[in-house]
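To keep things clear, I will list the structure first and then write my remarks on it.
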Amino acid sequence: MGRLFQSEFLKLRRSSIWLLIFVSPILSLVLGLSELSEIGEFEQHQWTATLGIMTISHAILFLPLLTGIFSSFICRYEHVAGGWKQLLSLPVSRRNLYIVKILIVSLLIAATQILFILGLFIIGWMKGYPIEIPWGTISTSVFGGWLACMPLIALQMFASVAWSSFAAPLAVNVIFTIPNMLIVNSERFGPYYPWSQPFLMMMPNSAENFGALNVSIETLFIVIFGSLILFLGTGLVYFLRKEI
Amino acid sequence: MSNFIIETNKLTKKFGSSKVVNNVNLQVKKGEIYGFLGPNGAGKTTSIRMLLGLARPTNGSVQIFGKDIKKERLSILKKVGSLVEYPSYYGHLTAYENLEAARLLLGATKPRIDEVLAIVRLTKDAKRPVKGFSLGMKQRLGIATALLGNPELLILDEPTNGLDPSGIIEIRELIKSMPKEHGITILISSHLLSEIDQMATQVGIITKGQMIFQDSILKLRAQSTSKIKLTVNDAEAAWKSLLTHGYRTDFNQNKLFIENGSDDNVAEIVKSLVQNNYSIYRVEEERKSLEEIFLELTGLEGGL
Ligand SMILES: Nc1ncnc2c1ncn2[C@@H]1O[C@H](COP(=O)(O)OP(=O)(O)OP(=O)(O)O)[C@@H](O)[C@H]1O
Ligand SMILES: [Mg+2]
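If you're matching them up, the sequences are chains A and B in order.
Read left to right, the first sequence gives residues 1192 to 1435 (the working numbering).
Read left to right, the second sequence gives residues 698 to 1001 (the working numbering).
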């Protein structure tokens, strides 16, 4: 599995798609900086408030889109010129290959999350936020957001493996991401909508909870793990049986 | 245990209701160059995909090195190098990186990459992205990938596709040398009998999914019976005259043909014609070419 990982990493490194990990963190950094003036009064909540502002576009829009883009791309170079055929004529377990592909996407999302946090620290440093960084809140938010991307990654990987077209899974992903803004506000649907989960997990708790943010963390965890197992299992079974 | 490197048992593949591969019993012995021959759409690629575990048989089984591909796919594929249909590659990687990506999975050594690049004469272009390669160069890269893991069995699906004449000769010489030098067994598919004829020791001919001939190339050549063609002045009268003297010939296109005639038989017929004052312009031997046999066997006479 280690060699498989190295091999996949080589293919990824030479395509420039991984550069997309920088887009959302940089954009969130700019957003966070520009909205600073309004937060001045809540001294002790500065970190959390900025994190909240940065999270909105990052988690509602970019995380769901990135899971799709990374998954499609990591399958694209297999679809284009017989990569699957070559790969699966080598002594490679289909199961491990599928899992490694998903792991690579989840690592790219993890890298995005880390850069995102770096952005937050840069803002805090520039504006002289208190030295006591709320590590707990921040790490829960970033890790939660990453975890909530896992079912999405599994779902998108399934679509990307099944569709040899590169654009189709991407288009579907965009279509499901657009109504996200509305669905995160819905207490009934939000927690069960995979595209909403990253935001629900990432948004730091504050006094002004709204919509689906009232849903308990336990419910979210159950939904996330349940759907991850469902999507991963279905995709894996499909890939194991796929004719190349 | 059987002594076959590849053995399929009633291998069958259906797409919808059509049997694209139908009850094929393919048998390849160690050290052979097995020519897998068939016209376009005969089911060669589909069979090869099943040999490699890329596609599942509808029925029947595949044994390679005496092991079932369904159960021991990974341990079999470690010792198999393959090239299926058009060449596979990652366009954004260089030739070297393409081989490196495969090398990691095969567990081969790094110097082996340079070796196989040299074998297919791509050393000079190793650092170029493959998307800029010509078809022939991609094909060479595919062959290099197949050789990378020092395989005991090579499965090559139309490997000379897209190669220029000198490339074809190079690859042919390479393929011919491998069983001798390294004890490798090779299965090579083609729709050109002439190509197989120059390399293979065994031949399997498949058409419409069915194996219609499987034996040594010598047996196939033995089927190329000859006939003697006589050009005479008045062929029809000569034919009748021969019949009255008890010699059976075929009268066709104003010529006389002697099928499977022994030397004495031919001599007697010529003598009889001379004695009856017919002018003999030509006595020629017409040998059915392997190509004709192939067309006859595959029932494709009269063009594709
Ligand atoms: N996935 C598929 N679905 C439906 N039919 C298929 C599929 N793959 C192959 N076929 C059909 O199976 C038949 C055999 O195809 P195959 O590719 O095995 O032929 P081949 O002997 O390799 O021909 P060629 O010399 O042209 O490469 C063809 O009629 C083809 O249309
Ligand atoms: Mg073919």
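Virtual Cβ for every residue (Gly too), placed ideally from N, Cα, C.
Boundaries of the beta strand (DSSP E) around B:Arg-984: 977-984.
With a minimum length of 3 residues, the unbroken runs of beta strand (DSSP E) contained wholly in the segment 901-952 of chain B fall at 907-913, 923-929, 947-949. Secondary structure note for A:Asn-1371: its alpha helix (DSSP H) is the uninterrupted segment 1371-1374.
Around the Cβ of A:Ala-1358, a 10 Å sphere holds fewer than 16 other Cβ atoms; the residue is exposed. Environment of ligand 1, chain-ordered: B:Phe-712, B:Val-717, B:Gly-735, B:Asn-737, B:Gly-738, B:Ala-739, B:Gly-740, B:Lys-741, B:Thr-742, B:Thr-743, B:His-888, taking every residue with Cβ within less than 6 angstroms of a heavy atom. For A:Ala-1250 and A:Leu-1242, the gap between their C-alpha atoms comes out near 11 angstroms. For B:Val-967, the uninterrupted alpha helix (DSSP H) segment begins and ends at 960-972. Distance from the C-beta of B:Glu-782 to the nearest heavy atom of ligand 2 is below 6 angstroms. Spanning the alpha carbons of B:Ile-902 and B:Leu-838 requires a straight line of approximately 28 angstroms.
Bounds of the beta strand (DSSP E) holding B:Glu-704 are 701-712.
Each residue's CA atom was taken as its position, placing A:Ile-1308 and A:Ser-1215 some 11 angstroms apart. In this structure, A:Thr-1258 places its C-beta atom within 7 angstroms of the C-beta atom of A:Leu-1343.
Taking one beta carbon from each stretch, the segment 1280-1298 of chain A and the segment 1419-1434 of chain A have 3 or more pairs nearer than 8 angstroms; the two touch. Burial check for A:Trp-1326: the Cβ neighbour count within 10 Å stays below 16, so the residue is exposed.
For A:Ile-1420, the enclosing alpha helix (DSSP H) has its first and last residue at 1408-1432.
Look at the segment 1202-1218 of chain A: the residues with a C-beta under 8 angstroms from a C-beta of chain B are Lys-1202, Arg-1205, Ser-1206.
For the pair of segments examined, the segment 744-758 of chain B was found to touch the segment 769-787 of chain B: the number of CB pairs separated by less than 8 angstroms reaches three. Under the criterion of beta carbons closer than 8 angstroms, B:Pro-876 and B:Ile-868 do not qualify as touching, at roughly 15 angstroms. Put simply, the backbone Cα of B:Tyr-783 is about 20 angstroms away from that of B:Arg-825.
Under the Cβ distance rule, B:Val-718 does not count among the residues neighbouring chain A, no pair being separated by less than 7 angstroms.
The closest CA to that of A:Ser-1248, considering only A:Glu-1378, A:Gly-1417, A:Ile-1369, A:Ile-1293, is found on A:Ile-1369. For the C-beta of B:Gly-788, the chain A residues within less than 8 angstroms are, from N- to C-terminus, Tyr-1268, Val-1271, Ala-1272. Counting only Cβ-Cβ distances below 7 angstroms, B:Ala-798 has contacts in chain A at Ser-1198, Leu-1201, Lys-1202, in chain order. For B:Lys-716, no alpha helix (DSSP H) run applies; the uninterrupted beta strand (DSSP E) run containing it begins and ends at 715-721, by DSSP. Taking 7 angstroms as the upper bound on Cβ-Cβ separation, chain B lies near residues Leu-1279, Ser-1280, Leu-1281, Pro-1282, Val-1283, Ser-1284 of the segment 1279-1297 of chain A. B:Asp-894 sits in a helix when the DSSP states are folded into three classes. For B:Lys-835, same chain residues with a beta-carbon under 6 angstroms away, outside a window of 5 residues either side, are Pro-784, Tyr-786 in chain order. Between B:Gln-760 and A:Leu-1391, the alpha-carbon positions lie close to 53 angstroms from each other. In this structure, the straight-line span from the alpha carbon of B:Ile-816 to that of A:Val-1271 is close to 27 angstroms. Judged by their CB atoms, B:Ile-730 and B:Thr-898 are nearer to each other than the 7 angstroms cut-off.
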